[in-house]
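Down below is the structure, laid out as structure tokens.
In the numbering used here, the protein residues as written are 134 to 373.
This is how it looks when you write it as structure tokens:
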């Protein structure tokens, strides 16, 4: 029932790079507080999100893929900042197939979290139930739902492997702290999706996988930002 509970709250995110020399001024303003983060690190990370379709590179179709989760009745979406930070356009597809664009309305570069506001909401949508990451223990069941390798709405399962981890990802300019470590499989396209407990409650937002070879291939270590930290950018953490 975990999958059925979260699916209506999951969104598919597709980002398109801004044309060279023509960055999105509006999105740059939203990210003004993130000046210490380099555009280069974000752009490189966004390109890693591309699905491997076997096609020849096409500069006109330079895009990134990831996930997000609806967290309140206003349709606000949490996702990974590295996925959307340098995007010229952000396209959202809701679970019912509704397609729209979105804007960044908040950013937490120190946590790799972005807050998105979609331009259009479906007639019916369901915000996710937010859990209490403070109650999470090592060994607890853990689930991830996202779009790995553009395989949309895929679910993987595992356990919580560690708490309060610190790691410096290639897509961030500083260490991320207080992370939840898990071993449910994540790959390119999972960034920004939810980490769930056994009740289908969101306990974290996936920020990346750990691989010492920097190949972007899952080897059993994923990391997520606790949901109370991630949701603080929307004006407060979850009510448990």
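Glycine included, C-beta positions come from ideal geometry on N, C-alpha and C.
Self-check item: DSSP-derived helix/strand/coil call for residue 239
Solution: Numbered from 1 along the chain shown, position 106 holds the residue referred to as residue 239. Note: residue 239 maps to strand in three-state DSSP.
Quiz item: Who are the near neighbours of residue 261 in its chain, counting only those whose CB is closer than 7 Å to its CB and skipping five residues on each side?
Solution: Here residue 261 refers to the residue found at position 128 of the chain shown. Cβ within range, chain order: 139, 142, 202, 203, 204, 327, 335.
Quiz item: Enumerated in chain order, which unbroken segments of the beta strand (DSSP E) with a length of 3 residues or greater are wholly contained in the stretch 266 to 352?
Solution: 274 to 279, 287 to 300, 309 to 315, 327 to 329, 335 to 342
Quiz prompt | Pairwise C-alpha distance: residue 206 and residue 301 | solution = The residue labelled residue 301 in the question sits at position 168 within the chain shown. The residue labelled residue 206 in the question sits at position 73 within the chain shown. Roughly 33 Å between the two C-alpha positions.
Quiz prompt | With 16 other Cβ atoms within 10 Å as the buried cut-off, status of residue 293 | solution = On the chain shown, residue 293 is found 160 positions in, with the first residue counted as 1. So residue 293 counts as buried.
Quiz item: What is the DSSP secondary structure of residue 150, reduced to helix, strand or coil?
Solution: Here residue 150 corresponds to residue number 17 of the chain shown, with the count starting at 1. The answer is strand: DSSP assigns residue 150 an E or B state.
Practice problem: Check whether the Cβ atoms of residue 324 and residue 249 lie closer than 7 Å to each other. | Solution: Translated into positions along the chain shown, residue 324 becomes position 191. Translated into positions along the chain shown, residue 249 becomes position 116. Contact flag unset, no.
Exercise. Just confirm the distance between the C-beta atoms of residue 251 and residue 197, as a whole number of angstroms; I'd bet it's less than 8 Å.
Key: In the chain shown, the residue the question calls residue 251 occupies position 118. In the chain shown, the residue the question calls residue 197 occupies position 64. Wrong, their Cβ atoms sit about 17 Å apart, outside the cutoff.
Quiz item: What are the uninterrupted segments assigned as beta strand (DSSP E) that are 3 or more residues long and contained completely in the stretch 203 to 268, given in chain order?
Solution: 210 to 213, 220 to 226, 232 to 241, 246 to 251
Exercise. Could you check the C-alpha separation between residue 269 and residue 333 for me, to the nearest Å?
Key: For the purposes of this step, residue 269 is identified with residue 136 of the chain shown, where counting begins at 1. For the purposes of this step, residue 333 is identified with residue 200 of the chain shown, where counting begins at 1. Taking the straight line joining both Cα atoms gives about 13 Å.
Quiz item: Going by DSSP, what residues sit across from residue 143 in a beta bridge?
Solution: The residue given as residue 143 occupies position 10 in the chain shown. Per DSSP, 202.
Practice problem: Assuming residue 245 and residue 234 form a contact by the criterion Cβ under 8 Å, report the distance between their Cβ atoms to the nearest whole angstrom. | Solution: Counting from 1 along the chain shown, the entry for residue 245 is found at position 112. Counting from 1 along the chain shown, the entry for residue 234 is found at position 101. Actually they do not touch by this definition, with Cβ atoms about 22 Å apart.
Exercise. Provide the residue span of the beta strand (DSSP E) that contains residue 364, from first to last.
Key: Your numbering for residue 364 matches position 231 in the chain shown. Residue 364 -> no beta strand (DSSP E), and no H or E assigned at all.
Practice problem: Would you kindly work out how many angstroms separate the C-alpha atoms of residue 304 and residue 331, rounded to a whole number? | Solution: For this step, residue 304 is matched to residue 171 along the chain shown. For this step, residue 331 is matched to residue 198 along the chain shown. Approximately 29 Å between the Cα atoms of the pair.
Exercise. Please state if the CB of residue 282 and the CB of residue 298 are separated by a distance shorter than 7 Å.
Key: Numbered from its first residue, the chain shown carries residue 298 at position 165. Numbered from its first residue, the chain shown carries residue 282 at position 149. Taking 7 Å as the Cβ cut-off, residue 298 and residue 282 do not qualify as a contacting pair.
Quiz item: Could you give the C-beta distance for residue 229 and residue 255, rounded to a whole number, given that I count them as a contact under 8 Å?
Solution: What you label residue 229 is simply residue 96 of the chain shown in a count that begins at 1. What you label residue 255 is simply residue 122 of the chain shown in a count that begins at 1. Right, their Cβ atoms sit about 5 Å apart.
Quiz item: In the structure shown, what three-state DSSP assignment does residue 358 receive?
Solution: Counting from one through the chain shown, the residue named residue 358 turns up at place 225. It is a strand residue.
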